[in-house]
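This report concerns only the one structure given below.
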Amino acid sequence: MRRLNPKKAELIAKGVLLLFAGTAVLALVAIVGYVVVKGIGVINLEFLFGRPRSMGREGGILPFIISSIYLTAISLLVSIPLGLCSAIYLTEYTTEGWATRAIRFGVDCLAGVPSIVLGLFGFMFFVKLLNFSWSILSGSLTVSLMILPFIIRSSEEAIRAVPQSYREVAFATGGTKWQSVTRVVLPCALPGIMTGIVLAIGKCVGETASVIFTAGTSLRIPGSIFDSGRTLAIHFYLLVRETGASDMAYGSAATLLISILIVNFFAYWLMRRFIARVS
Amino acid sequence: MVETGKSEPQKIIARNFSFSYGSQPALKGITLHVCTNEIFTVIGPSRSGKTTFLKCLNRMNDAIANTSKSGELLLDGRSVFDKDVDVAELRRRLGMVFAVPVALPKSIYNNLALGPRMRGILRKKRLDEIVERSLKAAYLWEEVKDRLHTSARNLSGGQQQRLCLARAMALEPEVLLLDEPCSGLDPVSTRKIEEALLELKNRYTIILVTNITAQAARVGDRTAFFLMGELIECDATETIFTHPSNERTADYLTGKFG
Amino acid sequence: MSLTKDRLVSPILFAIACFSIAALFVIGLFIFVEGLPIMIKVGVWKFIGSTDWSPLEGKFGILAMIAGSLAVAAGTLVVAVPFGVGCAIYLSEFASKRAVTLIKPAVELLFAIPSVVYGFVGVLFIVPFVREYLGGAGHGFCILTASFVLGIRVLPVIVGISVDALQAVPKVYRDGSLALGATKWQTTTMVTLRAARSGILAGVILGMASVIGETMAVIMVIGNAVVMPNSPLDSVRTLTSNIALEMGYAEGDHRQALFATGVVLFIITMILNTLTRYVTRSRVGKKK
C-alpha cells in the first residue's frame, strides 16, 4: 500500500479531528437549541407559577419547580458538610496510607453505583425501613448519596490547588492545623469548592432514576419534607411517556435545560475567579 | 568552629545541634549563640543548612516526616523541643519571613491581622493598632495606608516582602527569623528592608540568613559562616570580613567558591 | 486549649470521611439482603443464565437483560470511543487556546444535560430516522439508536479522562519526537497516544460502567422487549430498564427479583470500577 506523505496524513487527520470536535459542539447546540427553541414559547409567568391541570398535562409547573428546589436544597444540606469534611480529612489530615486508600476506594465505588440501584436502596431504606415513605426527605437523602462523591472529589481538587506556601505562612504565623485549614486554606479554596457545589446542583436537578421511587409523583406542592413531591425532571419523564412531544413536555424540558445552563455558566464564572486567586 | 561574642544576654543558644532529613545530614554539631537585640547574619553557599537551622528554631521542620536530631537548641535557656512547649506560641515568638514573599489572597489588613486573630485578639481597635504599628515598622505604612482593604496581591514584589516582614512583626515576636528576605528584590527595596532591620534591632533579636555577603557586611553585628552543614566560623562581622581565622571563610568571601 | 481542640479534629474528620465507605457497604448490604433470597430460590445460574423472564409465572431469568446491557455498552463504545478519543486528541494536541475555551465547556455541558432530555431527543429524531432508513425489528427503538444517544451522553466522560491522560504525558516525549523530524500527527499517534493508552483505557472502562448504569435515556429509545439481541436493530431490554419499568408495580417475588437484578448491576459496575483503578495504578507503577 502506498504510504501517505506524512504531511498530507497530518492534514487529513487534523481535518477529521476537527470534524469530531465540531460535531460534539454541534450536538450540544442542536440538542439544547432545539428543546429550548421549541419550549420557550410555552414558558410564561402562568406556566412557571401556575398549578397543573388534568394530571399535569396542562397548566403550570409550579409544584414541580418547588419540589425540585426542595429536593436539591436538602440534598446539598446533607452532602456538603459530609463531603467537605471528608475532603478536608483526605487532603490535610492524613498521609497516603491504607486508610486513605480505602476511603478513596469507597468514594470511587460510591460514585460508580448506578442511579437506579441507589433508587432501589433509597426505596428499601428510606421509604420502607425508616418509614419516611415517599417524600422529599427520602428523595433528597438518596440523591445526596449520588452527589456526595462528586462533592468530595471537586472539594479535594480545590483544596489541593491551594499552594503549599500559604499553609506554611499559616503555620509560621503561629496557627494550629485546624486554624490553617479554616483561616487560610478553605477561604482560598472557596470558589473552587463552590464550583463543585454549583455543578452538583445541576446534577440534582436532572436526577430521575434515583428519585422516581423515593420522592413519589404527587402533583401537589409539598408542604413539608415529609410530603411527596414530583420534581420537574420526573414530571418531564412522565409527560413524555404519556403525552409524547406535547407543548407541556417541551416547556418543561426547556425550563430544565435553561436552569441547568444558568447553573453551569455560574460555575464557570466561579472557576475563573478561583484560578485567578491561586495563581 | 570557634565563636566569640560580646558578653550580653544570650537569646538563642545552639549546643552541638545536629539535624538530618532521613539519612541526609543537614546540620552537623552546630554550637553558637545569638545575643539579644543584635542582627546575627548567617552566610554560606546554598545547601549549607542555613534555612534548615532557621526552620529548626521555630520547629517548622516538625511537619516533615523521618527526620532526626541531636543536641540542644535553647530559647531563653529553654529547649525549643521541650515536651510542654506550645508550638504555636513558639512560632509567634520567633516570627519568620520566607525567601519568596507570600502574600495571602486577602486584603493587606487581613494578611496582617491573621496572626493576632489566631491568637485570639478580636477587638477591632487593638487589631487596627497592631496593623498600623507593624506596617510602620516595616516602612510600608505610608505606601499602603489608604488601601488597607485592597488585595495584598496587588503589591509589588518589594512591597509584598515588606508586608511579610510586617506580618511577622504583627505577632509581636521576640526574634525575627529572616530567610534571604531580599532575594529577587531590586536594590531600592533591598535598601528599604535593610534600613528597617537596623531600626528594628533595638526591639527584636534578628537572625538574617543571606546569600549576599555584602548584605551581612552592611547590617550584621555578628556573622556565622555555614558550609555543608557545619559552622566554620562565627565572630563579629568586622572580624570575619577583615581577618577571618579560617581559610575556607576567606575563600568564600573572596569568591573562590560559592 | 486550642491544642486539645486541634487533636479532636482529626478523629472526627476521619469518622466523617469513613461515611462514604460505610454508605457503600450499607447500600451493598441492603441490595444483597433483598435480592439474594430470590436468586437462591430460583438458582443463581438459572437466574443469570435463563432468558425466560415471566414474572407472572414466577420465572426470573435475566440473561436477555444482561445481553441487552452488554450490547448497548458495546454499541455505545463503538460510537463514543473514536469520537471521544478523537475530540480528546484534538483538544489536547491540536486545538488553539481559543478553540479549547469553546470546545471544552461545550463537551462538559453535554454531561450536564439530564438523561431524560437525551431520551426525549432520541425519540424525536433518531428513532424515526432509524426506522425510515434502516428498518429493523425494533421500528427504530433498538440498540443502534441507544448507542447513538448514549454515545453522545457518555462522550464527556471519555473526553475528560483521555484529555487528562494525554496532558499527563511529559512534554519531553513530544519534544523528543518532534526533534527527530516527525510531524505532530506522527508524534501523537506513535508517541503520545501510546504513552497515554492506559489512562485512555481507564476512561473507556469508566465510560462503559457509566453506560451500563444509564437508565432514563435507555428506557425511552430501546424498545424494552425481553429478547436476546440478534442485530443492532433489535429492540432489547437492559438491566436498568428492567428495574425501572417494573418496579412501580412489582410485588413479592417479582420485586425481589428486581432487587436481584440490582445486585447483578451493582456487581458489574463494582468490577468495572475496580478494573479502572487497576489499570491506572499499573500505569503509575510503570512510570516510576
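Chains as they are written, first to last, in our numbering: chain A, 1 to 279; chain B, 1001 to 1258; chain C, 2001 to 2288. In this text, a Cβ means the ideal position worked out from N, Cα and C, and glycines have one as well. Please read these numbers as outputs of a predicted model, since none were measured by experiment.
For residue i, the residue or residues it bridges with in DSSP
| i | result |
| --- | --- |
| Glu58 (chain A) | A:Arg53 |
| His1033 (chain B) | B:Ile1013 |
| Lys2059 (chain C) | C:Ser2054 |
| Met1096 (chain B) | B:Leu1177 |
| Pro114 (chain A) | Bridge partners of Pro114 (chain A): none, in fact. |
| Ser1151 (chain B) | B:Ser1107 |
| Gly1022 (chain B) | BP columns for Gly1022 (chain B) are empty, so no partner. |
| Val1042 (chain B) | B:Val1209 and B:Ala1224 |
| Arg1078 (chain B) | B:Leu1075 |
| Val2236 (chain C) | C:Gly2223 |
Beta-carbon proximity check, residue i vs residue j, cutoff 8 Å
| i | j | result |
| --- | --- | --- |
| Gly175 (chain A) | Met1118 (chain B) | yes |
| Ala1152 (chain B) | Asn1111 (chain B) | yes |
| Ile2066 (chain C) | Leu2239 (chain C) | yes |
| Cys2087 (chain C) | Ile103 (chain A) | no |
| Gln1215 (chain B) | Cys1182 (chain B) | yes |
| Gly139 (chain A) | Ala189 (chain A) | no |
| Leu145 (chain A) | Val198 (chain A) | no |
| Ala209 (chain A) | Ile116 (chain A) | yes |
| Thr1041 (chain B) | Lys1011 (chain B) | no |
| Thr1052 (chain B) | Ile1108 (chain B) | no |
| Ile225 (chain A) | Val36 (chain A) | no |
| Phe1225 (chain B) | Ile1240 (chain B) | yes |
| Leu1155 (chain B) | Ala1168 (chain B) | no |
| Lys1106 (chain B) | Glu1230 (chain B) | no |
| Asp108 (chain A) | Asn2273 (chain C) | yes |
| Gly2119 (chain C) | Ala2217 (chain C) | yes |
Spatially closest choice to residue i from the options, by CA coordinates
| i | options | result |
| --- | --- | --- |
| Ser155 (chain A) | A:Leu19, A:Phe226, A:Tyr89 and A:Gly251 | A:Tyr89 |
| Gly83 (chain A) | A:Val35, A:Val169 and A:Ile147 | A:Ile147 |
| Ser68 (chain A) | A:Pro191, A:Phe20, A:Trp178 and A:Ile201 | A:Ile201 |
| Ile1232 (chain B) | B:Leu1054, B:Arg1222, B:Asn1246 and B:Leu1176 | B:Asn1246 |
| Leu1208 (chain B) | B:Lys1050, B:Arg1091, B:Val1131 and B:Val1102 | B:Lys1050 |
| Leu28 (chain A) | A:Leu261, A:Ile225, A:Ile275 and A:Glu92 | A:Leu261 |
| Ala1063 (chain B) | A:Phe171, A:Thr142, A:Leu186 and A:Lys128 | A:Phe171 |
| Val2263 (chain C) | C:Val2154, C:Met2039, C:Glu2093 and C:Phe2120 | C:Met2039 |
| Met2190 (chain C) | C:Ile2219, C:Val2169 and C:Leu2206 | C:Val2169 |
| Pro1009 (chain B) | B:His1033, B:Ser1020, B:Ala1026 and B:Leu1253 | B:His1033 |
| Gly1255 (chain B) | B:Ala1236, B:Thr1213, B:Asp1221 and B:Thr1242 | B:Thr1213 |
C-alpha distance - residue i paired with residue j, whole-angstrom precision
| i | j | result |
| --- | --- | --- |
| Thr94 (chain A) | Thr100 (chain A) | 7 Å |
| Ser1018 (chain B) | Glu1194 (chain B) | 30 Å |
| Asn1066 (chain B) | Phe150 (chain A) | 34 Å |
| Phe64 (chain A) | Asn1058 (chain B) | 59 Å |
| Glu157 (chain A) | Leu1148 (chain B) | 31 Å |
| Glu58 (chain A) | Phe2030 (chain C) | 40 Å |
| Thr2215 (chain C) | Ala2244 (chain C) | 7 Å |
| Leu1227 (chain B) | Pro1045 (chain B) | 7 Å |
| Gly60 (chain A) | Arg51 (chain A) | 5 Å |
| Leu2091 (chain C) | Ala161 (chain A) | 23 Å |
| Ala2165 (chain C) | Thr2183 (chain C) | 21 Å |
| Val1073 (chain B) | Lys1125 (chain B) | Checking the sequence, you will find Leu at residue 1073 (chain B) rather than Val. Cα-Cα distance, rounded: 37 Å. |
| Ile1043 (chain B) | Ile2161 (chain C) | 49 Å |
| Phe125 (chain A) | Ala9 (chain A) | 58 Å |
| Pro1173 (chain B) | Leu1185 (chain B) | 25 Å |
| Val2033 (chain C) | Phe2141 (chain C) | 35 Å |
| Val42 (chain A) | Leu219 (chain A) | 20 Å |
| Val1100 (chain B) | Gln164 (chain A) | 12 Å |
| Leu1189 (chain B) | Gly1158 (chain B) | In the sequence on display, residue 1189 (chain B) carries Ser and not Leu. Using only the alpha carbons, I get a separation of about 5 Å. |
| Arg2277 (chain C) | Ala2202 (chain C) | 8 Å |
| Trp98 (chain A) | Phe105 (chain A) | 10 Å |
| Ala1166 (chain B) | Arg1222 (chain B) | 24 Å |
Practice task
Residues of the region 143-167 of chain A with a CB closer than 7 Å to any CB of chain B: list them in chain order, please.
Solution key: Ser165 and Tyr166
Exercise for the section: Scan the region 237-270 of chain A for residues whose Cβ lies nearer than 7 Å to a Cβ of chain B and list them as they occur along the chain. Expected result: none
Exercise for the section: Mind checking the region 2020-2033 of chain C against chain A and listing, in chain order, the residues whose C-beta falls within less than 7 Å of any C-beta there? Expected result: Ser2020, Ile2021, Ala2023, Leu2024, Ile2027, Phe2030 and Ile2031
Handout entry: Near-chain B residues of the region 165-193 of chain A (beta-carbon distance less than 8 Å), N- to C-terminal order
Key = Ser165, Tyr166, Glu168, Val169, Ala170, Phe171, Ala172, Thr173, Gly174, Gly175, Thr176, Gln179, Arg183, Val184, Pro187 and Cys188
Exercise for the section: Pull out every residue of the region 2229-2244 of chain C whose Cβ sits closer than 8 Å to any Cβ of chain A, in chain order. Expected result: Thr2240, Ile2243 and Ala2244
Problem - chain E contacts from the region 2113-2125 of chain C (Cβ-Cβ distance under 8 Å) - result: Among the protein chains in the structure shown, which are A, B and C, there is no chain E.
Practice task
Using a Cβ-Cβ cut-off of less than 9 Å, list which residues of the region 41-54 of chain A approach chain B; keep chain order.
Solution key: none
Practice task
Using a Cβ-Cβ cut-off of less than 7 Å, list which residues of the region 2043-2063 of chain C approach chain A; keep chain order.
Solution key: none
Exercise for the section: Note down, in chain order, all residues in the region 60-88 of chain A with a beta-carbon under 7 Å from any beta-carbon belonging to chain C. Expected result: Leu82, Cys85, Ser86 and Ile88
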